[in-house]
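Everything below concerns the one structure shown next.
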Amino acid sequence: MSHPLYIELLGPLRIRWHGTELPIRAQRLQALLAVLALRANQICTASELLDAVWQDNPPGTGVKVLPPYIYRLRRTLPEDILTHTSDGYLLRLDEDALDVTEFENAVRRATELRERGELDAAAAEYRTALALHRGEPLAGLPGQFLAAQRLRLAERRDKVFGERVDVDLERGRAAELVAELVPAVAARPFDERLAGQLMQALSADGRQADALDVYSRTRQTLIDELGVEPGPALREVHQTILRNETTAQVRDELPYAGATFVGRDAELGHLADVLSATDSQAPPIVAIDGMAGVGKTALAVNTARKLARRYPDGLLFVDLHGHTPGRPPLDVKAALDHLLLGADVPAAAIPHTLEKAQALWRTTVEGRRVLVVLDNALDSTTVNQLLPGSPTCGVLITSRTQLTGLDVRDRLHLGLLDSTDATDLLAALVGAERATADVAASNDLIERCGNLPLALRIAGARLRHRPAWTVAHINQRLDRVGRRLTELTADGLGIAAAFQLSYDQLAPKQQRMFRLLSALPGRDFDRYGAAALVDCAPEEAADLAESLVDANLLLEPTPDRYQFHDLIRDYAAELARTTDVDPDVATDRLLEYYVQTANHPLAQQGNAPFLELGDRPLVVELPALDTIRQAVTWADAEAVNLAAAVEQALARGRLEYTWLVALGSMRLLQLRGYRQQEKQVIELGLEAARRAGNRQAEAHMLHALSSYLRGRGNTQGATDALREALELLPDDADPRVRGRLYTSLGLAMQTVDPFGEALPALRKAADIAREVQDDLLLGRALTFSGLALSNACEYVDAEQSYTAALAILRPRGASGLRADALSGLTTCYVNLGRLDEAMASATEARDVAVELESSFSIPFALARLALVNRLQGNVDTALAQSREAVAVAEHGGNEQVRWSARQSLGTTLLAAGETDEALECFEYVHRGAVADQNNAYIVGALEGLSDHAAAVGDPAKAAAYLEEALTISDEVSPARSVGLRTKLTNL
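Its first residue numbered 40, the sequence shown is counted upward by one per residue in the numbering used here.
Quick look at the structure:
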C-alpha cells in the first residue's frame, strides 16, 4: 500500500498507519470510526452519528456522549485526519485509503476491461477486488445502520463473485470453476444464479448428467423450503442443457498473437466499433489491407480477442494462404470445410459439393454470434464465397491487396507504426534499458526499418540473441551497401521473402514496372516520371502504379503521386540488378524527361533560363504546362526529386545529363528556398562539366553559381564566377550566353560599382540583345540597368530604363522579371514624389507576382505597396500588407525574402507607433544577416535599429548604429552611404 493510512471494513475493522496496525479495542469506538469511514470526506452531524452508532441503546446524555469518543479517536488517528467543523465531524481520507473504495475501483476496472473484451485482465481485476474481503464485512459492530451496511457489502461481494464466474465461463475455465462452485452452491442453496453457473460449468466440462442433477436438487430445495419453482433464468439454463446433450466448449480458433503487440489503439477502437454495430440487416464485415510485415494478422487477432464477449458462439480463424511461402492458396471448399467443423458440424455431415457446403455454412451460423477471421486472402473471389449472411455474425478479412471486389461495411488500410509506437515496440523487443541506452541509435534503427513492425521484430530478435551487439552496431550492419535486406533475416524469417510473395502475384508488366521504379532518384513520382522510366504512355503508367498500390507494393500519399517504402525499394532495386539487362536506358529516359520539363519557360516562372535547349527532340511525353498554376504545381512536387536526379546522374557517369538537369533545377530550388540543395546541384553540375571538358557547360554552371552566391550576399564570389565564365566561353559561343553573363555581372555589381562596371556590362548585354534580336535578354539588361541607376539615386534615368524594359516584358505576360521591374519602378516614383503612379505600379507588381504564385516576388511587391500606403497616410493598410508579406515569405521564401519582408514590417510598425514589435523585426533581420554574412541586409537592419532608437528617444544609440552601418556600406555599397550620412547628420 502506497498510502500511509489504510482502513479495512471488509472484515473485522482494522486500521493501519505505515503498515502498522493501530489498536482500537472499544466496540463503540470501532463503530464510530466505521460510520465516519463509510461517509469519508463528508460532514456527519452529531445527531447523525448518535443515531448510527447508538440507535440500539441511546445514552441519556444525547449528543454529549460524542466528544469523549471523538477525542479518543483523534488520539489514535494521525493528526488532521479527523476534524470538527461548525456543522459536524469530517474524516479526511485519500481515495485509496479505504478498502471499500479500493474494492469498487477494482470492480470498475474489471467491468471496463470486460466490456472491451479483455477477459483475462478483467478476471484478474475481479479477483483483486474479491481478495479484499477478509470475512463478514464490519464483523461484530453494533447498530442497525452498520447491520444494513454489512448486508449491502456482503450482497455486493456476492454479485461481484457472480460476475467473475461469468467471465471465467467465457474464458473457458469450466473445470476450475466446478471445484470452486460446488461448495459455494452448498453454502447458498437458494442462490439460483450460482446454481445456474455451476450447471453451465459442469455442462461445458462434459458433465451434463451432473449439471441436470444440480438443477433437480436446487428445484427440490426451492419447492420444499420456499414453495416456489425455479425462476426463468435457471429454467433456461436447464433447457439449454437438455437441447444440447453434448454441449461443447465455445470454439476459439484464434492463433497466438504474439507477446509484444504494441500500439494500434485507434485501429483497435475503430474495428471494435464497426464489428459491434447491430443496426444493419447485413453482417459487419471489415477488410484490412496493408503491405507485408505491417501487422495485419496481429491486429485482426487482437481485435477478435477483445470482441470475444460480443461473439460468444465462436471465434473462427482460417488462414487462406494467399501469400504463404511454399504453399498454394487454400481451396474455397477446404476453407468451407474448416468453417463448418468450427461451427460444430460433424465431418460426416459436410456436403461434397461447393454449393451445398456454402448453403450449410450460412444456415448453420444463422442467428449465431460468431466472429470469423479470414486471414491472408489472395483475392475477392475467394472471400466472397466464404461470407456468412446473418447480421449476427462478424467478419474480419486481412490481405496484402485491396480487395476492391468485396462489398464490405468498412475498409482499413493499415499503415506503418508511428514513431511513439515504434519506439515502444523496440523497447518491448530488446528491453527498455537497452533501447534507451542510446536513444539516437534506437531512432536510427527505427528509421532504417522504415517503422515496419516485421523489420523491427527481426532486428529486435537479432539484438536480443546477441547481447554483445549494441543498437548502433546493428545500424552499421544495416548501412552496408546492399546488405539491409540480408541483415533483416532471422530464423528463416526475412523481409525479402515476405515481399517476394507479393511480387510473385504480379503480372509481367507490373513486375517490370516495379523493378524499374526502384531507379527513381527522388522520394516520389507521378505518372509522367514513371512513363518516362518504363517507356509507355502516362495513362498506362498510372494504371500500373495504381495496381501496385492495390497490391500494397506502392504508397500513394497524395492523389496521383506514388512512392516506395524504403525496404520495398531496396527489394525492387535488388530485383532490377539481377533481372534487367540495361537499366541505364530507362534512367536516361527519365533524365531526359527532367531536362525538358524543368527547363520549360513556365516551370522557370518566366525567369530567363540558364540554358536554351533549342530543338531538342522530344522522346518522352511531358505533362501539360500550359498555365503558371500547372507549372508551379509540377515544380513544387518535383524540385527535390530533381536535386536527387542530379546526384544520381553524376554517380552513374552521365556527365551531360548532370549539368543539364542541374541548370534546369537550380532555379526551381532557389524559388522554393531549398538553398542547400541548390548549392549541391550547382557544385555537382560544375564538377560534371569540368570532368567532361565542356567549357561552355562550365560557363553555364559558373553563371548558375554566381546567382547562388549573389543571393547569399557574396558579391565578390559572384563576380569572380561570372568573369571566369566569360573567359571560358569560346569565341564562337552563342552570343546570347555572353549577353546573359553580362546582365548577371551588371546585377552583381549594381550596388558596389554602378557606373564603373555595372552599367557598362549591362550596356554590352543590351547591345548583344539588340544584335541577335533577343527581347527577353534586352528586357533583363534594361531592368537591371534601372536597378543600378536607382541604387545610385539616379531616379529619372532609372525610371526611363524600367519603363523601356516593361514595354518589352508586358506583352510577354507574367514573369518574375516583370514583377521586379514594376517594384523597381515603384521605388523611382516614390523618390520622385509621384505617389499615385507609385501606387499603380506597385499594384501591378503585386498582381503579376500573385499570378506567378511567386514566394519571391509577392513579398517584395507587397512591401512596395505598404511603402506607398504608409507615405499616403494609410498606415493600417500598410501594416496589413507588411504582415501579409511576412506571412508569404515565411511560407515559401528564402532567407533574403524573409529579411526583406521583416524589414518592411519593422519600418511600418515604427510609423504605427508599435516600437517594441518593430525592434523585434530589425533584430531578427540583423541576427540572420550577420549569421549569413550578408552585408547588404546587415546595413539595412542597422539602419532600422537606428530608426527605432531615434523613435524611442535614444539619439546616441541611433548614431552608433548608423556609424556601424557606414563602415560596411562604404565598402560594399558606396551609393547607399550617401543617404546614411545624411540621416546621421540630421540626428
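Glycine included, each C-beta is placed from N, C-alpha and C at the ideal position.
For residue i, collect the residues of the same chain with a Cβ closer than 7 Å to its Cβ; drop the 5 residues on either side in sequence, then sort them by chain order.
i: Glu284; result: Here Glu284 scores only 44 on pLDDT, less than 50, and its place in the model is too uncertain to base an answer on.
i: Ala386; result: Leu380
i: Val469; result: Gly499, Leu502, Arg503
i: Thr882; result: Leu904
i: Ala27; result: Residue coverage of the chain in this structure runs from 40 to 1026, which leaves residue 27 outside it and unanswerable.
i: Thr84; result: Asp126, Gly127
i: Gly332; result: Leu491, Pro492, Leu493, Ala494, Ile534, Ala537
Could you spell out where the beta strand (DSSP E) holding residue i opens and where it closes?
i: Leu354; result: 354-358
i: Asn415; result: 410-416
i: Pro596; result: 594-597
i: Leu435; result: 433-438
i: Ala326; result: 324-328
i: Trp56; result: 53-56
i: Asp449; result: 449-452
i: Tyr841; result: That residue, Tyr841, is in no beta strand (DSSP E); its alpha helix (DSSP H) goes 834-848.
i: His123; result: 121-123
i: Tyr601; result: 600-602
Which whole-angstrom value is the C-beta distance of residue i and residue j, which I expect to be below 8 Å?
i: Ser921; j: Ser893; result: About 18 Å separates the two Cβ atoms, so there is no contact after all.
i: Leu375; j: Leu359; result: Not quite, the Cβ-Cβ distance comes to about 11 Å (not below 8 Å), so this is no contact.
i: Ala19; j: Gly724; result: Residue 19 cannot be examined here, being either before or after the span of the chain that is shown, 40 to 1026.
i: Ala877; j: Tyr868; result: 4 Å
i: Ser1008; j: Leu1019; result: 6 Å
i: Asn933; j: Gly712; result: 4 Å
i: Gln397; j: Gln424; result: 6 Å
i: Thr946; j: Gly983; result: 7 Å
i: Asp836; j: Leu828; result: 5 Å
i: Val634; j: Tyr542; result: The Cβ separation is near 32 Å, so there is no contact.
Evaluate residue i with the Cβ neighbour count: other Cβ atoms within 10 Å of its Cβ, from every protein chain shown; 16 or more gives buried, anything less gives exposed.
i: Pro793; result: buried
i: Glu202; result: buried
i: Arg256; result: exposed
i: Pro656; result: exposed
i: Gly1059; result: Here the chain covers residues 40 to 1026 and nothing more, so residue 1059 does not appear.
i: Arg303; result: buried
i: Cys832; result: exposed
i: Pro323; result: buried
i: Gly96; result: It is Asn, not Gly, that sits at residue 96 in the sequence shown. Under this definition Asn96 is an exposed residue.
i: Ser458; result: exposed
In the DSSP assignment, find the alpha helix (DSSP H) that holds residue i and state where it starts and stops.
i: Tyr128; result: Per DSSP, Tyr128 belongs to no alpha helix (DSSP H); it is in the beta strand (DSSP E), 128-130.
i: Glu47; result: It is not in any alpha helix (DSSP H) - Glu47 instead sits in the beta strand (DSSP E) that spans 44-47.
i: Val520; result: Note, Val520: premise wrong, no alpha helix (DSSP H); not H, not E.
i: Gln188; result: 183-209
i: Tyr254; result: 247-260
i: Tyr542; result: 534-543
i: Ala975; result: 974-990
i: Cys1028; result: Residue coverage of the chain in this structure runs from 40 to 1026, which leaves residue 1028 outside it and unanswerable.
i: Leu699; result: 694-710
i: Cys867; result: 855-870
Less than 6 Å between C-beta atoms, sequence neighbours within five positions excluded: which residues of the same chain meet that for residue i?
i: Leu594; result: Gln602
i: Leu527; result: Ala494, Ile497, Ile534
i: Tyr841; result: Gly825, Ala860, Gly863, Leu864
i: Thr286; result: Legend: pLDDT at Thr286 = 43, less than 50; position of this residue unreliable, value from coordinates given subsequently. Around Thr286: Ser242.
i: Val224; result: Leu233, Ala234, Leu237
i: Leu784; result: Leu761, Ala800
i: Val510; result: Asp477, Ala480, Ser481, Leu484
i: Ile54; result: Ile46, Leu61
Taking 8 Å as the threshold (beta carbon to beta carbon), is residue i in contact with chain C?
i: Ser921; result: The chain labelled as chain C is not found in the depicted structure, where only one protein chain is given.
With respect to 7 Å, is the separation between the Cβ of residue i and the closest non-hydrogen atom of the ligand MG below this value?
i: Ile436; result: This structure lacks the ligand MG; in fact it carries no ligand of any kind.
Could you pull out every residue in the same chain whose Cβ sits closer than 8 Å to the Cβ of residue i, ignoring the five residues on either side in sequence?
i: Gln320; result: Pro430
Worksheet item: So, do the stretch 474-492 and the stretch 432-448 have three or more beta carbon pairs nearer to each other than 8 Å?
Response: Because the criterion of three Cβ pairs below 8 Å is not met, the stretch 474-492 and the stretch 432-448 do not touch.
Worksheet entry | Inter-stretch contact (C-beta, 8 Å, three-pair minimum) for the stretch 983-1000 and the stretch 808-817 | Touching, no.
Discussion item. Does the structure place the stretch 972-980 close enough to the stretch 1007-1023 that three or more beta carbon pairs sit under 8 Å?
Written reply: Contact between the stretch 1007-1023 and the stretch 972-980 is present, because at least three Cβ pairs lie under 8 Å.
Worksheet item: Would you call the stretch 309-316 and the stretch 267-276 in contact, with 3 or more CB pairs under 8 Å?
Response: At 8 Å Cβ cutoff, the stretches do not touch.
Worksheet item: Touching or not, the stretch 456-467 and the stretch 291-303, by the rule of three or more beta carbon pairs under 8 Å?
Response: Yes, the stretch 456-467 is in contact with the stretch 291-303.
Worksheet item: Does the count of Cβ pairs from the stretch 158-170 and the stretch 108-128 closer than 8 Å reach three?
Response: At 8 Å Cβ cutoff, the stretches do not touch.
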